[in-house]
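Below is the structure:
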C-alpha cells in the first residue's frame, strides 16, 4: 500500500513537472470592474482550452491606482505580458517603455485598418500599432420614456433646437422656483465635456484641435457659439444646472432628469432601473443635419518585458482577445460594442433599440488624443463654471480655457 | 578582565548590556521608520529638483519646479485655501471643543451618552460623512438644509456650488468630525487639574470666571498646546472631506476648496508630474515644520 502511494506520488510529480516544463505562463492585467473581470475569466478559459500549453493568469487592481501599478511594476521589471489600457495613455506608455509594438507579421497595419472601426488608429505610432481594442464606447442621449409620455412627447429630439424645446417642456420647478425635474442634465464633469469638445464645437462649424492634437483650435467664433449654446441651457433656457442631485446620472436614475448624455458604459448601471422605462437616441444633429460623436476604448497591448515564448504566447492571447468571437462574448457579458464592424454592425445589433444609436454614432465618431485627460476635463469644467458662477463673458472664458489647455499640451510634449 | 578565557564572551558592564538590549528591540522600528518614513521624505527633496513622469528616468532640472510653482496662480490659490482651513478652522474648533468640554464636564445627567454623541463623528469614515453632507448641501427640495431655509422663508445657499461658500461648507464638516476627539482630550485635561485648587478658590470666594481664567486655563496649557499643534497639522493636511465632498469637480468649483494635499495628489497621480508634486510636498513639509515649531515656541512654558 505504502509503495503504491509512493509510486503514484512520484508519477504525479513527474507528470506535473513535465507539464510545467512545456507550459508558458503569462499575466494579463486589467482594472477591477465586475463584468469585465468575468468576461476575461471566460475568455481565458476558452483560450486555454484551445492552447493547452499557455497559462494565462488574470491580475486586477482598483481603477484608481491601476495606471500607477502598471508603471511601478514595469519600473521594477515585472510588468504584465498583456495589459488593458485606456487609448489615451498610449503616448505615456510608449514613451515610457511600458509597451512594445505588436509584431507586424501577426498584426499587419493594413489588416487592422481594414478590420476595425477607424478610431483604432489612435493606437498607431509611426508604422506600429501598440494595442487593439476588444470593445469601443460612444455617446448617446438617454431619455426617460415615462416623463416623455406624461408630457405628451412622442419622440426624442432629433436636432439641437428640438433638444432645447423638449428639455424646456420637461423641466419642472416647484412654487419656490426650485427645480424638481431637469429637462437635460448639464454637467461638464460628466460626459458633457466630450460632447462639447468633439460634437458641439464641430456642429457650430469649428474643430477642437489641429490634426495632430498639438494645438487647441476652439478659441474661435465656432467654439464661442458652441459654448454660448451650452451655457444658455442653464442661464437662458433654465433646463438644468450643474450639481442638481449631485450628478447627472444620479438624477437620471432617480427619475428626476428627463434626458442625459452618457456613454455605453452606463448601460450596465441603468439596466436595473425599475421605476420607469428609458430609451436611447442618437445625439442630436445640428440644423444642417451634421452629427458627431465621441468614441473611446480600452485596448489590449503587449508589455515591454515579454520576450521569447512569452511574447509569442502574449501575441496569441492578444489576437484572441481582439477576435470576433471574443467581441461577441464581450458584448454579451459587459455590454460594450464590438470594435470590428463585422461583429458590431450585424442586423440583430442594428435592430436593437439600445445598441443601434450607439453603433450609428460610431460611424461618425471622433477620438480625442488626450495628454492628461483629467487635467483637460478640468479646463472645460472651469470654463463653464467661470460663466455660471462668476458671470465671465463666454468669449473670455473660452480664450482662457484654450490657453490653459494649450499649456497642458505643451508641457506634455 | 585580563583573565577572561578565550571561550567566553568579553564581560560587558550592566549598562552596556542594557543598551544593547534596548537597541536590539529598537532596531526594528528604527529600520522600519528609516525605510518607509525618512528615506521617502529625503528622497522627495531630491525628486523635487527633477522632471519625472514615473516612466522615464528622472532628469535633473534644478529649481525649475519651484519657479513654475511660485509663478502659478493656481498654486497661490491653493496656498490661500490651505491657510484658510488652518486659520479659521483651528481656533473655531478649539474654542468650540473647549466650551463643550467645559460644560459637559459639569453635566451629570446623561453625561456618557452625550460624550458618546460628540465622539461618534470622529469614528465615522470620512468618505461616508462626505457623501451624506453632499446631499445635505443640495439645493431644495433635495437638500435638507436648503429645504429648512426655504420653509422658514430664508434665501437659498449654493453651498458646495458657490465659489464663496464651498470652503466654509467643507470646513464645518471637518470641524464637526474632529470635535469629538478634542472634547475628550480637553475633558481629560480638565479632570487632571487637582481639585484642591478649586477648593481653595471656593474658600477664598473667587468667582467662576476668575477660576476659569486663573486656574483652569493656565493649568490646561499642556493640553491646549497639544491640541493646537495636532489640530493645525490636521487642517494643513485636510484631504478626505474635500475629496469626498467634491469628487465631481475635485477641489470645488474653480478650485475654491482645493487644499495643498489634493493638489499634490492630482499633480502626482493624475498628471504624473512626480517632480512637481515632490516640490509641492517640500513646501507642505516646510509649512508644517515652521507652524509646529512656531506654535511650540509661542506656547512654551516660561
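Protein chains in written order, with UniProt numbering: chain E, 1 to 413; chain H, 1 to 302.
Ideal placement from N, C-alpha and C gives every residue a C-beta, glycine not left out.
Hey, how far is the Cα of residue i from the Cα of residue j?
i             : j             : result
residue 160/H : residue 117/H : 26 Å
residue 21/E  : residue 91/E  : Here the model assigns residue 21/E a pLDDT of 49, short of 50, so the residue's position is not dependable and the matter cannot be decided.
residue 57/E  : residue 41/H  : 36 Å
residue 277/E : residue 256/E : 13 Å
residue 145/H : residue 154/H : 11 Å
residue 209/H : residue 222/H : 20 Å
residue 289/H : residue 16/H  : 35 Å
residue 357/E : residue 290/E : 15 Å
residue 318/E : residue 346/E : 23 Å
residue 30/E  : residue 106/E : 23 Å
residue 258/E : residue 252/E : 7 Å
residue 179/H : residue 101/H : 10 Å
residue 1/H   : residue 12/H  : In this prediction, residue 1/H has a pLDDT of 44, which is less than 50 and means its spatial position is unreliable; what the coordinates show is noted afterwards. If I take the Cα positions, the gap works out to 10 Å.
residue 36/H  : residue 51/H  : 23 Å
residue 141/H : residue 230/E : 25 Å
residue 49/E  : residue 69/E  : 30 Å
residue 271/E : residue 336/E : 13 Å
residue 207/H : residue 196/H : 16 Å
residue 16/E  : residue 26/E  : Reliability fails at residue 16/E, whose pLDDT of 43 lies under 50, so the model's placement of it is uncertain and no value is given.
residue 60/E  : residue 71/H  : 40 Å
residue 271/H : residue 47/E  : 36 Å
residue 11/E  : residue 73/E  : The predicted model places residue 11/E with a pLDDT of 45, which falls under 50 and marks its position as unreliable; any figure quoted below should be read in that light. About 38 Å.
residue 166/H : residue 128/H : 18 Å
residue 261/E : residue 283/E : 8 Å
residue 44/E  : residue 51/E  : 10 Å
residue 26/H  : residue 18/H  : 12 Å
residue 191/H : residue 98/H  : 13 Å
residue 114/H : residue 173/H : 19 Å
residue 388/E : residue 103/H : 45 Å
residue 62/H  : residue 276/H : 12 Å
Please check the pair residue i and residue j, which I expect to be a contact at CB under 8 Å, by giving their CB distance rounded to whole angstroms.
i             : j             : result
residue 250/H : residue 266/H : 7 Å
residue 240/E : residue 160/E : So it is not a contact: roughly 15 Å between Cβ atoms.
residue 112/E : residue 63/E  : Residue 112/E to residue 63/E, Cβ: 27 Å. No contact.
residue 227/H : residue 183/H : No, residue 227/H and residue 183/H are not in contact; Cβ-Cβ is about 10 Å, not under 8 Å.
residue 284/H : residue 264/H : 7 Å
residue 353/E : residue 344/E : No, residue 353/E and residue 344/E are not in contact; Cβ-Cβ is about 16 Å, not under 8 Å.
residue 55/H  : residue 371/E : About 14 Å separates the two Cβ atoms, so there is no contact after all.
Applying a beta-carbon distance threshold of less than 9 Å, which residues of chain H neighbour residue i?
i             : result
residue 361/E : Within 9 Å Cβ-Cβ: nothing; residue 361/E doesn't reach chain H, min ~25 Å.
residue 242/E : 161, 248, 249 and 253
residue 259/E : Under the 9 Å cutoff, chain H gives no residues; its nearest Cβ is about 19 Å from residue 259/E.
residue 305/E : Simply none; closest approach about 14 Å.
Please say whether residue j and residue i have beta carbons closer to each other than 7 Å?
i             : j             : result
residue 134/H : residue 192/E : no
residue 67/E  : residue 298/E : no
residue 166/E : residue 182/E : no
residue 134/E : residue 327/E : yes
residue 170/H : residue 241/H : yes
residue 81/H  : residue 202/H : no
residue 139/E : residue 320/E : no
residue 202/E : residue 292/E : yes
residue 254/H : residue 385/E : yes
residue 279/H : residue 65/H  : yes
residue 232/H : residue 86/H  : yes
residue 88/E  : residue 405/E : no
residue 116/E : residue 362/E : no
residue 121/H : residue 176/H : yes
If the cut is a Cβ gap below 8 Å, which residues of chain H does residue i touch?
i             : result
residue 40/E  : Near residue 40/E there are no residues of chain H at all, since even the closest Cβ is about 25 Å away, more than 8 Å.
residue 381/E : 249
residue 245/E : 138 and 142
residue 189/E : 248 and 249
residue 92/E  : 53, 55 and 272
Check the Cβ of residue i against every Cβ in chain E and list those closer than 7 Å, keeping chain order.
i             : result
residue 150/H : 176
residue 141/H : 174, 178 and 180
residue 271/H : 372 and 375
residue 134/H : 246
Under 8 Å between beta-carbons, which chain E residues line up against residue i? List them in chain order, please.
i             : result
residue 281/H : What residue 281/H touches in chain E: nothing, since even the nearest Cβ is about 16 Å away.
residue 54/H  : 68, 71, 72, 75 and 96
Between the stretch 394–407 of chain E and the stretch 221–232 of chain E, can you find at least three pairs of beta-carbon atoms closer than 8 Å? Contact check between the stretch 221–232 of chain E and the stretch 394–407 of chain E: three or more CB pairs, one atom from each, fall below 8 Å, which counts as touching.
Which residues, in chain order, does the stretch 384–398 of chain E contribute to contact with chain B at a C-beta distance below 9 Å? Among the chains of the structure shown, chain B does not appear; the protein chains present are E and H.
Are the stretch 145–153 of chain E and the stretch 265–279 of chain E in contact at 8 Å, needing three or more beta carbon pairs? Because the criterion of three Cβ pairs below 8 Å is met, the stretch 145–153 of chain E and the stretch 265–279 of chain E touch.
Cβ contact (3+ pairs, closer than 8 Å) linking the stretch 297–312 of chain E and the stretch 95–103 of chain E: Enough Cβ pairs lie closer than 8 Å, so yes.
Would the stretch 148–157 of chain E and the stretch 206–215 of chain E be scored as touching if the rule is three or more Cβ pairs under 8 Å? A contact is defined here as three or more CB-CB pairs under 8 Å, and the stretch 148–157 of chain E fails this definition with respect to the stretch 206–215 of chain E.
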